[in-house]
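For reference, each letter of the sequence shown is one residue, going 0 to 162 in numbering that gives the first Met the number 0.
Only one structure is covered here, and it is reproduced in the block below.
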Amino acid sequence: MPDLSPNYLISLELRELLVQKLGILQKDNVVLQQSLREQQTRTTAQTEDLFLELLEVADALEALLDYLENNPNPSPEFIERLPRSIGAVNRKFLGVLGKRQLLPIELQEGTEPDFNLCRVIDREERTDIPDQTITKIVRRGFHLGEKVLRPAEVITAKSDNGH
0 MPDLSPNYLI SLELRELLVQ KLGILQKDNV VLQQSLREQQ TRTTAQTEDL FLELLEVADA
60 LEALLDYLEN NPNPSPEFIE RLPRSIGAVN RKFLGVLGKR QLLPIELQEG TEPDFNLCRV
120 IDREERTDIP DQTITKIVRR GFHLGEKVLR PAEVITAKSD NGH
């Protein structure tokens with residue numbers, strides 16, 4: 000069977016230009032592959048750092064649980080310190096999140112809700128405050144940089160004046 004593919008002739012100048020462009024593309028490819036490897040290495044290191052910090056939080060919780068398990072009747076001093084100890088673990092955990100720009104949404108009870116930051120999950124009859132006022136923050140919200148990752152969940156006042 001004869002070769003039916005057409006033969007194209009290109010000028011030497013065009014050929015050199017194509018060879019040059021192929022060389023540039025190959026160099027760019029090598030640079031991109033190297034950049035990708037470096038990014039993967041950084042991501043792995045950041046992930047390992049996160050896990051190590053979370054393990055510290057888990058260790059603190061485990062120490063509290065071990066103490067409670069080994070001391071079925073904890074001392075009044077321990078019970079008195081328990082809220083502070085749990086608060087310290089919570090602050091440590093929030094610190095881990097904060098280092099990664101995952102921060103709590105700051106809302107105040109007694110203010111009008113910003114519906115970009117929170118979601119009303121319930122209403123309660125109140126006559127002492129204006130309609131739609133936040134009466135309770137049920138679950139804290141968080142934002143990652145400028146993006147709301149999880150809106151806060153709130154309960155707002157419902158008054159007869161607000162219908």
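All C-beta atoms in this analysis are idealised placements derived from N, C-alpha and C, irrespective of residue type, glycine included.
In this structure, what does DSSP give as the bridge partners for residue i?
| i | result |
| --- | --- |
| P5 | Note: P5 sits in no beta bridge, so no partner. |
| T134 | According to DSSP, T134 bridges with nothing at all. |
| F92 | For F92, which the question treats as bridged, DSSP gives no partner whatsoever. |
| R118 | E152 |
Taking its Cβ as the centre, do 16 or more other Cβ atoms sit within 10 Å of residue i, making it buried, or is it exposed?
| i | result |
| --- | --- |
| H162 | Caution is warranted here: a pLDDT of 48 is assigned to H162, below 50, making its placement in the model unreliable, and no coordinate value can be reported. |
| V153 | buried |
| T40 | exposed |
| T132 | buried |
Please determine, among the options, the residue with the shortest C-alpha to C-alpha distance to residue i.
| i | options | result |
| --- | --- | --- |
| K146 | T134, S10, I136, C117 | C117 |
| L101 | V88, L93, L54 | L93 |
| T155 | G140, R138, D127, D121 | D121 |
| A151 | L21, R139, F77 | R139 |
| A62 | A44, E79, Q38, V88 | V88 |
State the CB to CB distance for the pair residue i and residue j, rounded to an integer number of angstroms; the pair is presumed to be in contact (CB under 8 Å).
| i | j | result |
| --- | --- | --- |
| E52 | V95 | 5 Å |
| S158 | T126 | 6 Å |
| K98 | E55 | Not quite, the Cβ-Cβ distance comes to about 12 Å (not below 8 Å), so this is no contact. |
Considering only heavy atoms of the ligand ADP, does any lie closer than 6 Å to the CB of residue i?
| i | result |
| --- | --- |
| R41 | In the structure shown, the ligand ADP is absent, as is every other ligand, since no ligand is present at all. |
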